[in-house]
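Colleague:
Number of protein chains: 6
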Amino acid sequence: MGAPFVEITHSEEFSASHRLHNARWTAAKNRRIYGICNNLHGHNYAVQVTVRGTLDSSSGMVMNLTDLMTAMRARLIDPVDHKSLDRDVPFLRGKVTTAENVVVAFWTELEPALRKFKTCRLHRIRLYESRNNFVDYLGPDPSI
Amino acid sequence: MGAPFVEITHSEEFSASHRLHNARWTAAKNRRIYGICNNLHGHNYAVQVTVRGTLDSSSGMVMNLTDLMTAMRARLIDPVDHKSLDRDVPFLRGKVTTAENVVVAFWTELEPALRKFKTCRLHRIRLYESRNNFVDYLGPDPSI
Amino acid sequence: MGAPFVEITHSEEFSASHRLHNARWTAAKNRRIYGICNNLHGHNYAVQVTVRGTLDSSSGMVMNLTDLMTAMRARLIDPVDHKSLDRDVPFLRGKVTTAENVVVAFWTELEPALRKFKTCRLHRIRLYESRNNFVDYLGPDPSI
Amino acid sequence: MGAPFVEITHSEEFSASHRLHNARWTAAKNRRIYGICNNLHGHNYAVQVTVRGTLDSSSGMVMNLTDLMTAMRARLIDPVDHKSLDRDVPFLRGKVTTAENVVVAFWTELEPALRKFKTCRLHRIRLYESRNNFVDYLGPDPSI
Amino acid sequence: MGAPFVEITHSEEFSASHRLHNARWTAAKNRRIYGICNNLHGHNYAVQVTVRGTLDSSSGMVMNLTDLMTAMRARLIDPVDHKSLDRDVPFLRGKVTTAENVVVAFWTELEPALRKFKTCRLHRIRLYESRNNFVDYLGPDPSI
Amino acid sequence: MGAPFVEITHSEEFSASHRLHNARWTAAKNRRIYGICNNLHGHNYAVQVTVRGTLDSSSGMVMNLTDLMTAMRARLIDPVDHKSLDRDVPFLRGKVTTAENVVVAFWTELEPALRKFKTCRLHRIRLYESRNNFVDYLGPDPSI
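Protein chains in written order, with numbering that gives the first Met the number 0: chain A, 0 to 143; chain B, 0 to 143; chain C, 0 to 143; chain D, 0 to 143; chain E, 0 to 143; chain F, 0 to 143.
This is the structure we're talking about:
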C-alpha cells in the first residue's frame with residue numbers, strides 16, 4: 000500500500016459587487032432571466048480550494064498550507080476583493096459574473112500556479128455567494 | 000472539450016416536529032432502538048439540494064437558481080414547514096421519520112420536478128437535522 | 000478599585016416540539032394571532048445563560064463553568080430536551096410556549112439554583128428559537 | 000411586580016453594493032481615509048432588530064413576530080436588497096454609506112412604523128457588514 | 000432495485016494543544032517548513048465522521064446514531080480532548096501532528112470499531128483545525 | 000440633539016495553548032477546581048472589541064475600522080497567536096489563564112492605545128474560548 004491520499008481545504012473570503020447582465024440581450028430579457036440579480040448589488044463571497052495528494056512522510060503534509068494560501072491570495076483574492084467583478088477583474092472581462100462563470104475562471108487562474116507541487120493537484124473549488132447558495136467545480140477532467 | 004460541468008447548491012430551512020416510532024414494534028423495542036428520539040420533539044432542519052450540469056454559455060448558468068428555489072419550496076418545504084412530519088405530510092405517511100427516510104422521500108418528490116431542465120440533473124440532497132447530524136442521498140443510481 | 004466585574008456566558012442546545020395555542024381562545028383566533036406557529040412543529044433551541052460577578056483573585060474565575068453547566072443541564076435542559084414543551088414540562092404547564100414565556104420560566108427555574116454562588120448573580124438568559132429569532136430576559140429587576 | 004420586560008430580536012439579510020466616498024473630498028483624501036472601501040464592492044448584510052416591551056399575558060408575546068418581520072421587510076429590506084446603497088436608496092441619498100450611517104438611517108425609517116405597538120418600543124438595531132464587523136445603534140435617546 | 004445507499008454524518012468537537020515539529024530536523028528547518036505552527040499552540044477541532052450504507056427498512060436507519068457517537072467518543076474524542084496531541088495520545092506518538100497525520104490516525108483507530116455494523120462502512124473522516132482549514136480522508140482504498 | 004452614539008465591533012481570531020493551573024495550589028486542588036482544564040490543551044479564540052462614540056458627520060464613522068484593526072492586532076493578537084498563553088505572553092505572566100483573566104488583561108493592553116481617538120472610547124471586550132463559552136468585560140468603570 001502506498002502513501003495515503005488526503006484532501007486539504009483552505010477558505011478565504013472577499014467582498015465584491017456585481018450584476019448579472021448579458022450585453023447581447025435586451026434589457027427585458029436580462030430582467031426576465033436574471034430577475035433582481037440584474038441590479039447592481041454585492042456579496043461577501045467565500046472560496047474554498049481543495050487540493051488532493053499523497054502524504055509526505057517527513058513533513059506529514061500533502062502541501063504546505065502557507066503555499067496554498069499564498070497562491071489563493073495572489074491569484075484569486077487580490078484581483079477581486081473590494082472590487083467590481085464586472086469592471087475591475089481582467090480574467091472575468093466579457094463574462095456574465097454568475098457564480099458558475101466565476102468558479103470556472105478561478106480554476107483557470109489557480110490551477111497553473113499549483114502544478115509545481117508535484118505530489119498533489121487541484122481537486123475542487125467551491126464558491127459561496129451567500130450562506131444559502133454555492134457552486135462547485137471539479138475541473139475540466141474530474142477523476143479520482 | 001465540451002462545456003464544463005458545475006454543481007450548484009441551494010439551501011432552505013424548515014421547522015417540524017417528529018418522533019421515531021415503528022408502529023409494528025412494541026413500546027419497549029421502540030424505546031430501546033430509538034432512545035429519547037422516541038419522544039415527541041422537533042428540529043430546525045436545513046435541506047441542501049445540489050444539481051449538476053453543463054454551463055449554458057449564454058446565461059452562464061447551470062440552472063436558474065429561481066427555478067431551483069421554486070421547485071424546492073413547492074415540493075419539499077411547503078409540505079413540511081411548521082408541520083408534524085409524522086401526521087401532516089402525505090409523502091411520509093407510514094414511514095418512520097428518520098433523517099434517512101426523509102431524505103430519500105425528498106428525492107422521490109423533487110427529482111421528477113427537475114427533469115424538464117434538460118442540461119442538468121439532481122445530484123445530491125443533504126438534510127441537516129441539527130448542527131451535528133446530517134444525511135446525504137445521491138439517488139438510486141449515483142454516478143458522475 | 001475593587002475586583003473587576005466580568006460576565007461569563009455558557010450555551011446549551013435542546014430539541015423540542017411545541018405549538019402556540021391559547022386554550023381560552025377560539026381556533027380561529029389562535030390561527031389569526033399565531034399563524035403557522037399554531038401548528039404542531041419544533042425547533043433546535045439554544046439557551047445562553049450569562050452570569051455577572053467579581054473575579055476571584057485565586058481561581059481567576061467569576062464562577063466555575065462546570066457549576067454553571069451542571070445547573071443549566073439539571074434545571075433547564077433535562078426537563079425540555081427531546082420533549083414536547085406543551086405536554087411534558089411541569090414548569091411550562093398552562094402556559095403558551097412562546098419564546099418569551101419559556102425564557103421567563105427558565106429564569107424562575109434557574110435563578111434559585113445560582114444563589115449559593117455568592118460573588119455572582121444571574122444576569123441574562125437568551126433563548127434562540129431559530130437562527131433568526133431570539134429573546135432576552137434580564138430578570139424581574141434588571142440593574143447593573 | 001408588573002409584567003416582565005422581554006427583548007425580542009429578529010434578523011433579516013440583504014445583498015447590496017456600495018463604496019465609501021465623500022463627494023466633498025478629493026480623490027486622494029477619499030483613498031487615504033477609506034482605503035480599499037473607496038472602491039465599488041458589496042456585502043451580504045444582516046440586520047438584527049431588537050424590540051423591548053412587556054409580556055402580554057394572553058398572547059405570551061411582547062410583539063407579534065410577524066408584525067416585526069413585515070415592518071422590517073417593508074421599511075428596511077425591500078429598499079436595499081439587491082440594490083446599490085449609494086444610488087438606489089432614497090433614505091441614504093447624499094450620505095456616505097458607512098455601516099454607522101446606514102444603521103442610523105435604518106432607525107429613522109423603522110422607528111415610526113413601530114410606534115403603533117403600544118406595549119413595546121424599538122431598542123437596538125445591529126447591522127453586520129461581514130462576519131467580523133458590525134455596528135449597533137440604540138437610538139437618539141437610549142435608556143432602560 | 001435494492002435498498003438505497005445513504006450517508007450519515009455525525010460531528011464532535013475537542014480542544015487540544017499541539018506544535019508541528021519533526022524531531023529529525025534542525026530547529027531552523029522546522030521553523031522554515033512549519034512557520035508559526037512550530038510554536039506550541041492549540042485549537043478547537045471538529046471531527047465529522049461519515050458512514051455509508053443501505054437503509055434498514057424496519058428501523059429506517061443506516062446505522063444507529065447512538066452507536067456511531069459512542070464509537071467516536073471512545074476511540075477518537077476521549078483520547079484527545081483537553082490533551083496535548085504531541086505528548087498525551089498513544090496513537091499519535093512519534094508522529095508530527097499535522098491535520099493530515101491526525102485524520103489518517105483517526106481512521107486507523109475508528110475503522111475497526113465500526114466493522115461489526117454489517118450494512119455500512121466508514122466512508123470519510125473530515126477534521127477541521129479551524130474555521131478556514133480542514134482535511135478529508137477517505138481511507139486507504141476509497142471507492143463507491 | 001447632538002451627534003448620535005454608535006457602537007462598532009470588530010472581531011479577530013487567534014489559536015493558542017493553555018492550561019488552568021494555580022502555582023500556589025497543590026496538584027490535587029488544581030485538579031479539583033479546574034478539572035480537565037488543568038491539562039495542557041488549546042483553543043481557537045475569537046476576540047470582539049466594541050468601541051462606542053459619536054458619529055463624525057464628514058467621514059460617517061465613529062472610528063476608522065483600519066485603526067481599530069491595527070491596534071487590536073498589535074496589542075492583542077500578535078502577542079498571543081500561535082503561542083502558549085502560559086509561557087509566551089508578557090502581559091499574562093503569573094496569571095492563571097482563565098478567559099476572565101485574559102479578557103481583563105486584554106482591556107489593560109488595548110485601552111491606552113485607543114485613548115488618542117478622542118470621539119470614542121473602548122466599551123466592551125468579548126472573548127470566545129469556544130463556540131459555547133465566552134466572557135465579557137466592560138472595564139473597571141462601566142457606564143453609558
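Even for Gly, the Cβ is constructed at its ideal location relative to N, Cα and C.
Since the model is a prediction, treat every value here as computed from it, not as a measurement.
Output the distance between the C-alpha atoms of B:ASP77 and D:ASP85, rounded to the nearest integer angstrom.
Modeller: C-alpha separation (whole angstroms): 37 angstroms.
Colleague: Mind reading off the beta-carbon distance from D:ARG120 to D:GLY59? Whole number of angstroms is fine, and I expect it under 8 angstroms.
Modeller: In fact, because the Cβ distance is near 19 angstroms, the residues do not count as touching under 8 angstroms.
Colleague: Work out the CA separation of C:MET62 and F:ASN100 for me, nearest whole Å.
Modeller: Rounded to the nearest angstrom, the two C-alpha atoms are 13 angstroms apart.
Colleague: Would you list the one or two residues that DSSP bridges to C:ALA45?
Modeller: C:GLU12 and C:TYR127, per the DSSP bridge assignment.
Colleague: Quick one: Cα of A:GLN47 to Cα of B:PRO89, how far?
Modeller: Answer to the nearest angstrom: the Cα atoms are 39 angstroms apart.
Colleague: Ends of the beta strand (DSSP E) at D:ASN132?
Modeller: Note, D:ASN132: beta strand (DSSP E), 132 to 136.
Colleague: Taking beta-carbon pairs under 7 angstroms, can you tell me which members of the region 85 to 106 of chain A lie near chain B?
Modeller: Result list: LYS94, VAL95, THR97, GLU99, ASN100, VAL102 and VAL103.
Colleague: Beta carbon of E:GLU128, beta carbon of E:TYR44: below 8 angstroms?
Modeller: Taking 8 angstroms as the Cβ cut-off, E:GLU128 and E:TYR44 qualify as a contacting pair.
Colleague: Determine whether the Cβ of F:PHE4 lies closer than 8 angstroms to any Cβ atom of chain C.
Modeller: Not an interface residue.
Colleague: Do you know offhand how far D:GLY93's Cα is from A:ALA70's?
Modeller: Near 40 angstroms, if we compare the C-alpha coordinates of A:ALA70 and D:GLY93.
Colleague: State yes or no: is the C-beta of F:THR65 within less than 8 angstroms of the C-beta of F:GLU6?
Modeller: For F:THR65 and F:GLU6, no; Cβs fall outside 8 angstroms.
Colleague: Under 8 angstroms, CB to CB, which of the residues in the region 42 to 71 of chain B have a partner in chain C?
Modeller: Listed by position, the residues of the region 42 to 71 of chain B near chain C (Cβ gap below 8 angstroms) are HIS42 and ASN43.
Colleague: List, in order along the chain, the chain F residues whose C-beta lies closer than 8 angstroms to that of C:THR8?
Modeller: Near C:THR8 (Cβ distances below 8 angstroms), the residues of chain F are ASN132, PHE133, VAL134 and ASP135.
Colleague: Can you check which of these residues, A:PHE13, A:GLY138 and A:THR118, is closest to D:LEU39 by C-alpha distance?
Modeller: Closest by alpha carbon: A:PHE13.
Colleague: Check whether chain F comes within 8 angstroms of E:ILE143, counting only Cβ atoms and requiring the distance to be less than that.
Modeller: The predicted position of E:ILE143 is uncertain, since its pLDDT is 44 and thus under 50; a value taken from the coordinates is nonetheless stated next. No - not a single Cβ of chain F is within 8 angstroms of the one on E:ILE143.
Colleague: Flag B:ASN37 as yes if its beta-carbon sits less than 8 angstroms from any beta-carbon of chain E, otherwise no.
Modeller: Output row for B:ASN37: interface = no.
Colleague: Hey, how far is the Cα of E:ASN37 from the Cα of E:LYS28?
Modeller: Cα to Cα, the separation comes out at about 10 angstroms.
Colleague: If distances are taken between C-alpha atoms only, which option among C:ASP140, C:PRO3 and C:GLU11 comes closest to C:ARG72?
Modeller: Answer by Cα proximity: C:GLU11.
Colleague: Cutting at 8 angstroms between CB atoms, please list the residues of its own chain near D:ALA112, excluding the five before and the five after it.
Modeller: Cβ within range, chain order: ALA70, ALA73 and ARG74.
Colleague: Three-state secondary structure (DSSP) at F:LYS117?
Modeller: Residue state, collapsed to three classes: coil.
Colleague: Cα separation between B:LEU19 and B:VAL95?
Modeller: If I take the Cα positions, the gap works out to 6 angstroms.
Colleague: Report the rounded CA-to-CA distance for A:SER16 versus D:VAL79, giving the unit in angstroms.
Modeller: Their backbone Cα atoms lie some 14 angstroms apart in a straight line.
Colleague: Show which residues of chain F have a CB atom less than 8 angstroms away from the CB atom of D:PRO111.
Modeller: What D:PRO111 touches in chain F: nothing, since even the nearest Cβ is about 16 angstroms away.
Colleague: Show which residues of chain I have a CB atom less than 8 angstroms away from the CB atom of D:ILE32.
Modeller: Although the question refers to chain I, the structure presented lacks it and instead comprises the protein chains A, B, C, D, E and F.
Colleague: Go ahead and label F:ARG125 buried or exposed: buried means 16 or more other beta carbons lie within 10 angstroms of its beta carbon, across all protein chains shown.
Modeller: Buried: at least 16 other Cβ atoms inside 10 Å.
Colleague: Is it buried or exposed, C:ARG123, if we count other Cβ atoms within 10 angstroms and call 16 or more buried?
Modeller: It counts as buried.
Colleague: Among B:ARG130, B:ASN132 and B:LEU137, which one has its Cα closest to the Cα of B:ALA104?
Modeller: The candidate whose alpha carbon is nearest that of B:ALA104 is B:LEU137.
Colleague: What are the boundary residues of the alpha helix (DSSP H) that includes B:ILE32?
Modeller: First-last of the alpha helix (DSSP H) with B:ILE32: 26 to 33.
Colleague: Tell me the rounded alpha-carbon separation between E:SER56 and E:ALA2.
Modeller: Answer to the nearest angstrom: the Cα atoms are 8 angstroms apart.
Colleague: Indicate whether at least one CB of chain D lies closer than 8 angstroms to the CB of C:ASN144.
Modeller: Coverage of chain C is limited to positions 0 through 143, which leaves residue 144 of chain C absent and any answer about it impossible.
Colleague: How would you call E:THR8, buried or exposed, if buried means at least 16 neighbouring beta carbons within 10 angstroms?
Modeller: Flag for E:THR8 reads buried.
Colleague: Is B:ALA98 buried or exposed, if buried means 16 or more other CB atoms sit within 10 Å of its CB?
Modeller: When all chains shown are included, B:ALA98 counts as buried.
Colleague: Enumerate in chain order the residues of its own chain whose CB-to-CB distance from F:HIS81 is below 8 angstroms, with the five nearest sequence positions on each side excluded.
Modeller: Within the same chain, F:HIS81 has close Cβ partners PHE13, SER14 and ALA15.
Colleague: Taking C-alpha atoms, which residue in F:THR25, F:MET68, F:PHE4 and F:ILE35 lies nearest to D:ASN131?
Modeller: Ranking F:THR25, F:MET68, F:PHE4 and F:ILE35 by Cα distance to D:ASN131 puts F:MET68 first.
Colleague: So that I know if they touch, is there some Cβ in chain F lying closer than 8 angstroms to that of D:PRO139?
Modeller: Interface residue, yes.
Colleague: Just to make sure I have the definition right: I need the residues of chain C whose C-beta is within less than 8 angstroms of the C-beta of B:ALA26. Which are they?
Modeller: What B:ALA26 touches in chain C: nothing, since even the nearest Cβ is about 16 angstroms away.
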